[in-house]
Amino acid sequence: MEELKYELWLMKLSIGNVAKNKLTDCLSSARAVYEADKSLLMSTNMIDEEVADRIIEDKKDVDLDSLYEEFLSYDQKLITRSMSKYPDKLRTISSAPHGLFYIGHFPDNFDKCVSIVGARTCSEYGRSVATELAANLARRGYVIVSGLALGIDNAAHQGALQVDGVSVAVLGCGVENCYPRGNINTYTALQKKGAIISELYPKTKPMSYNFPTRNRIISALSNQVIIIEAREKSGSLITADFALEQGKDIYALPGRITDSLSGGCNRLIEQGAGIITSVSDFINNIEEVRLDTIYTGNDMDYDNFFKEKEDRIVYECLDFYPKNIEKIVSESNLELMRVLASVMNLCEMGFAGEAFVNQYVKLK
Amino acid sequence: MYSSVTTAILRGITSTIVTVEADVSSGMPYFEMVGFLSAEVKEAKERVRTALKNCGFVLPPKRITVNIAPASIKKQGCGFDLPLAIAILKAMSVINDRGDDSGSNRSNYSGNNRSNDGCNNIRDDKIMMIGELGLSGQINSVTGVLPILLDAVNNGIEECIVPYENYGEAKLAKGIRIIPVKHLLNVIDYMNDGVIPIVEDTSIPPEEYISDDKYDFANINGQKVLRRACEIAVSGMHNFLMIGPPGAGKTLIAKSLPSILPPMTEEECIVSSKIASVSGHFKDNPRLINVRPFRSPHHTISPQGLIGGGMIPKPGEISLAHNGVLFLDELTEFHKSTLEMLRQPMEDNEIHIARAYGTYTYPCNFMLVCAMNPCSCGYYPDLNRCRCDRNSIRRYYNKLSQPLLDRIDMCSEASMVKYRDIVATENNESSEVIRNRVIKVHDIQKRRFQNKPYNYNSDIPSSEVADVCGLTGNENKFMESIYEKCELTGRTYYKMLRVARTIADMAGEDKVGIIHLKEALIYRGLDKKYIDKKF
Chain V
23 MEELKYELWL
33 MKLSIGNVAK
43 NKLTDCLSSA
53 RAVYEADKSL
63 LMSTNMIDEE
73 VADRIIEDKK
83 DVDLDSLYEE
93 FLSYDQKLIT
103 RSMSKYPDKL
113 RTISSAPHGL
123 FYIGHFPDNF
133 DKCVSIVGAR
143 TCSEYGRSVA
153 TELAANLARR
163 GYVIVSGLAL
173 GIDNAAHQGA
183 LQVDGVSVAV
193 LGCGVENCYP
203 RGNINTYTAL
213 QKKGAIISEL
223 YPKTKPMSYN
233 FPTRNRIISA
243 LSNQVIIIEA
253 REKSGSLITA
263 DFALEQGKDI
273 YALPGRITDS
283 LSGGCNRLIE
293 QGAGIITSVS
303 DFINNIEEVR
313 LDTIYTGNDM
323 DYDNFFKEKE
333 DRIVYECLDF
343 YPKNIEKIVS
353 ESNLELMRVL
363 ASVMNLCEMG
373 FAGEAFVNQY
383 VKLK
Chain A
240 MYSSVTTAIL
250 RGITSTIVTV
260 EADVSSGMPY
270 FEMVGFLSAE
280 VKEAKERVRT
290 ALKNCGFVLP
300 PKRITVNIAP
310 ASIKKQGCGF
320 DLPLAIAILK
330 AMSVINDRGD
340 DSGSNRSNYS
350 GNNRSNDGCN
360 NIRDDKIMMI
370 GELGLSGQIN
380 SVTGVLPILL
390 DAVNNGIEEC
400 IVPYENYGEA
410 KLAKGIRIIP
420 VKHLLNVIDY
430 MNDGVIPIVE
440 DTSIPPEEYI
450 SDDKYDFANI
460 NGQKVLRRAC
470 EIAVSGMHNF
480 LMIGPPGAGK
490 TLIAKSLPSI
500 LPPMTEEECI
510 VSSKIASVSG
520 HFKDNPRLIN
530 VRPFRSPHHT
540 ISPQGLIGGG
550 MIPKPGEISL
560 AHNGVLFLDE
570 LTEFHKSTLE
580 MLRQPMEDNE
590 IHIARAYGTY
600 TYPCNFMLVC
610 AMNPCSCGYY
620 PDLNRCRCDR
630 NSIRRYYNKL
640 SQPLLDRIDM
650 CSEASMVKYR
660 DIVATENNES
670 SEVIRNRVIK
680 VHDIQKRRFQ
690 NKPYNYNSDI
700 PSSEVADVCG
710 LTGNENKFME
720 SIYEKCELTG
730 RTYYKMLRVA
740 RTIADMAGED
750 KVGIIHLKEA
760 LIYRGLDKKY
770 IDKKF
């Protein structure tokens, strides 16, 4: 407990991660850093005078006991580099966080870990593939890491949670802060079965500049990074950059060249990223085992499934992108009233859903 | 000497008979007006005095008292000038008094060379007059002549002297003799000698609906869903919202709606004309309104402009759209507070505007048609073109309140028109064909609601919806399943049933079937849940 005080102080200290790591490596513990005077700090040759001054200044204002009391009230836990539970994969990256605050259950190891990231405004296609991938990976014991953002991130967490798998969300704010609020269900579910982690001190507000840096933790924790849907200038590509830097395998979900949401992914594939051709192919690839096809989305026995011929025609016109009735009418060459009836039948059977006013998407 | 003249004061679209009494008696020279008068009525004193002088009548240096009775009603408007002047002239004995209720003076014509026709056989209290005076004695037009005359007929008034400019409008009232006058001297001549001023007939025959080729459903290519939705909405007078990207043709379709609206009944014509008269719309175009109004106010409209208001409350756009269509283009651009004001009048079908001196009531049973984009850039949910994030879309929809959306029965999408559709020369159904079908559905509703206080499916109170729809086992089961699945609420449930009733009426069915319910489900109103929808 005694040590934790010093760790907390060091976590809160506003100097770079690299400096923190060098100092603790050199002086052996956070406590030693706290107790060191300026000359000792300078003698490590790890930091310049300005940083040393800042450390000395900071010590004057901080009361370690109250810092500790305050932390206990947050009901969060802290893992630092000095602890064995600290993931080894994180130690090796250049600006490894000095510690991670978390709530929930911190996974014991990240040996089998895949991160799935992508667009916030995603299509039904991206959402369903992300869920499918996460569910099948989590079922095989993989930890699914993502960023709790809307859209793909949320779908990935949900996919893992659906099969009772482990999932970790890395936030760009204090972990007590569910950001964005819309994902409160995922947030609470993650605490039971996974963890919500952040390198930022509790009560840090979600600020835009904190989000790109948390992406390096997402990629570092995993062996493979999957980008599901990204535009040409997407934030998800930052994660891909970090992954590249850290030597991780990058996979991207291909999309149609006319869909701008797939622009970033297709570009990654062009540059040499792995391509996701099916969920089973991906798992075979990373596990080097032979699996039967898992993703059976298109293997249905259409001919006998639909009671009415028109239902099938309309189903085939539907897509994972919202399509309006107008378009379905012109593509299917059916009467308007017939299309309306079929669409409603499909909705009833759970094959289609209403995405917007008069716009429908395929669900299976 | 005492005299009295009958006139009327307008309150909303109804009027009350009031009497202008004048008394000229000996005493200190003095001119006083009493009777709960507003500023513009008090000013009448100066106008009348000068007008009389310019017509050659100088007010005698006597004690002149004018009272406008009953004193309990606030007197507003400019129509009092003429009755006031005549009352004074009568009291001065310039005009012969031909009696009131007592009828005792009727034969006392004092040797004037009156002819036997004209007004000489009508008692003075059966003659009403309204008009504003200019300083030279000319008589200027006033607003609201039609409702005043219609009420006057019911009150047993037989003759009315109106400003010449209001003649066309006044002639719309049947059962009352109209004497149009241009000048105060005309009135004096008429009252004394029965000389009717020569007037040209300025009235315009009632407007027939002339189909405007520009706005006809025959010109609308594609948009099959929207066309169908429009027909349903008009058939049941359901409030209707169109959502679609810019340039999809929402405004064009809305403007074509009048071409498929059925004609108005006589009763409806009269109420609409009354409203037009009160708001002064008759000045240039005095004809009976027998075409359903189509009002499309700009989104910068003020609350008073929309629901009615002013010191003397005038009807707003919602009342002008009575029995017709109120079209709000770019719905999200309206001030939220302005839109919220629609809620109560939409429920009650009339608007009560309260002022310190009384409440004005205007009818406002309109069909609300709105158009809006699906998000601020206009392309959601086409993610290839829409770059709005969830929050900005949410903010966009927060401009509309759920209670207002709940009052909109139907919602449909206006999709982007494809090139193939634009250049197509296919024969679209023309407005006339659609209109004939709509008329049939309106007739069905009229028959069904004969003994009810409402006329259209959209007005069925929720307590009676189930009866009118006549759902049976299967249909109830279907509704139960979708109630849970589509997260309907009580209000959306009844809304759906009303729309389904209209769809069934269009198919000529007595009972609402599953197929009708399914179609109604497609036009279910906009729900903010779309934005956060996850499958």
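As they're listed, the protein sequences go chains V and A.
Numbering of the first sequence is given in our numbering, commencing with residue 23 and proceeding in unit increments.
Numbering of the second sequence is given in our numbering, commencing with residue 240 and proceeding in unit increments.
Note that the Cβ used here is the ideal one computed from N, Cα and C, for glycine as well.
Buried versus exposed call for residue i [16 or more other C-beta atoms within 10 Å across all chains shown]
i                : result
Tyr348 (chain A) : Only weak support is given to the placement of Tyr348 (chain A): the predicted model assigns it a pLDDT of 39, under 50, and the question is left unresolved by the model.
Asn696 (chain A) : buried
Leu109 (chain V) : Here the sequence assigns Pro to residue 109 (chain V), which means Leu is not the residue at that position. So Pro109 (chain V) counts as buried.
Thr577 (chain A) : buried
Tyr241 (chain A) : exposed
Arg103 (chain V) : buried
Thr598 (chain A) : exposed
His537 (chain A) : exposed
Ile387 (chain V) : Residue 387 (chain V) is absent from the model: chain V starts at 23 and stops at 386.
Ala310 (chain A) : exposed
Asp340 (chain A) : For Asp340 (chain A), the predicted model reports a pLDDT of 45, less than 50, meaning its position is unreliable and no value from the coordinates is stated.
Pro419 (chain A) : buried
First and last residue of the uninterrupted alpha helix (DSSP H) at residue i
i                : result
Lys34 (chain V)  : Glu24 to Lys34
Glu348 (chain V) : Ile347 to Ser354
Phe93 (chain V)  : Leu86 to Tyr96
Arg288 (chain A) : Ala278 to Asn293
Glu376 (chain V) : Glu376 (chain V) -> not in any alpha helix (DSSP H); beta strand (DSSP E) instead, spanning Ala374 to Phe378.
Ser701 (chain A) : Ser701 to Cys708
Tyr223 (chain V) : No alpha helix (DSSP H) contains Tyr223 (chain V), which DSSP labels as neither H nor E.
Rounded Cβ spacing between residue i and residue j (contact assumed at less than 8 Å)
i                : j                : result
Ser256 (chain V) : Ala141 (chain V) : 6 Å
Thr258 (chain A) : Ile312 (chain A) : 11 Å between Cβ atoms; not a contact.
Leu328 (chain A) : Ile427 (chain A) : 7 Å
Cys603 (chain A) : Pro584 (chain A) : 5 Å
Ala653 (chain A) : Gly483 (chain A) : 3 Å
Ile415 (chain A) : Glu404 (chain A) : Their Cβ separation, rounded to whole angstroms, is 18 Å, which puts Ile415 (chain A) and Glu404 (chain A) out of contact at 8 Å.
Ile240 (chain V) : Val139 (chain V) : 7 Å
Phe456 (chain A) : Ile400 (chain A) : Phe456 (chain A) to Ile400 (chain A), Cβ: 47 Å. No contact.
Same chain, Cβ closer than 8 Å to residue i, five either side skipped, listed in chain order
i                : result
His386 (chain A) : The residue asked about is misnamed: residue 386 (chain A) is Pro in this sequence, not His. Leu249, Ile252, Thr253, Ser254, Lys513, Ser516 and Val517, listed in sequence order.
Pro485 (chain A) : Asn612 and Gly617
Lys773 (chain A) : A caution first: Lys773 (chain A) carries a pLDDT of 45, below 50, which makes its placement in the model unreliable, though a value can still be read off. If we look at Lys773 (chain A) and ignore the five residues flanking it on each side, it has no Cβ neighbours.
Thr99 (chain V)  : For clarity, residue 99 (chain V) is Lys in the given sequence; the question names Thr instead. Within the same chain, Lys99 (chain V) has close Cβ partners Phe123, Tyr124, Ile125 and Phe128.
Phe327 (chain V) : Arg334
Other residues of its chain near residue i: CB distance less than 6 Å, five sequence neighbours each side excluded
i                : result
Leu639 (chain A) : none
Phe319 (chain A) : Val280 and Ala283
Glu271 (chain A) : Thr304
Met476 (chain A) : Met606, Tyr695 and Ser697
Host beta strand (DSSP E) of residue i (start-end)
i                : result
Pro419 (chain A) : Arg416 to Val420
Val167 (chain V) : Val165 to Ser168
Phe132 (chain V) : Careful: Phe132 (chain V) lies outside any beta strand (DSSP E) and carries neither H nor E.
Tyr241 (chain A) : Tyr241 to Arg250
His778 (chain A) : There is no way to answer for residue 778 (chain A), as the model of chain A reaches only from 240 to 774.
Phe479 (chain A) : Phe479 to Ile482
Val305 (chain A) : Arg302 to Ala308
Asp2 (chain V)   : For chain V, the structure presents residues 23 to 386; residue 2 (chain V) sits outside this window and is missing.
Asp744 (chain A) : Note, Asp744 (chain A): premise wrong, no beta strand (DSSP E); alpha helix (DSSP H) at Gly729 to Met745.
Close beta carbons around residue i, own chain, < 7 Å, minus the five adjacent residues each side
i                : result
Leu644 (chain A) : Gly764 and Leu765
Ile519 (chain A) : Looking at the sequence shown, residue 519 (chain A) is not Ile but Gly. Answer for Gly519 (chain A): Thr382, listed in chain order.
Ala242 (chain V) : Lys111, Leu112, Ile115 and Gln268
Ala74 (chain V)  : Lys60, Leu63 and Met64
Inset, instruction - Please list the residues of the segment 344–357 of chain V that have a C-beta atom closer than 8 Å to any C-beta atom in chain A, keeping them in chain order. - result: Pro344, Asn346, Ile347, Glu348, Lys349, Val351 and Ser352
Legend entry - Residues, ordered as in the chain, of the segment 596–629 of chain A that lie near chain V by beta-carbon distance below 9 Å: Pro613, Tyr619, Pro620, Asp621, Leu622, Asn623, Arg624, Cys625, Arg626, Cys627, Asp628 and Arg629
Inset, instruction - Check distances from the C-beta atoms of the segment 628–659 of chain A to those of chain V and list, in chain order, the residues that come in under 7 Å. - result: Asp628, Arg629, Cys650, Ser651, Glu652 and Ser654
Inset, instruction - Select from the segment 127–160 of chain V all residues with a C-beta closer than 9 Å to any C-beta belonging to chain A, and list them in chain order. - result: Ala141, Arg142, Thr143, Cys144, Ser145, Glu146, Arg149 and Ser150
Inset, instruction - Give the residues from the segment 732–765 of chain A that approach chain V closer than 7 Å (Cβ to any Cβ), ordered along the chain. - result: Ile754, Lys757, Glu758, Leu760, Ile761 and Leu765
Inset, instruction - Could you please tell me which residues of the segment 276–296 of chain V, in chain order, have their CB closer than 8 Å to any CB of chain A? - result: Thr280, Asp281, Ser282 and Leu283
Inset, instruction - With 7 Å as the limit, tell me which residues of the segment 469–484 of chain A have their beta carbon closer than that to any beta carbon of chain V; keep them in chain order. - result: Ile482
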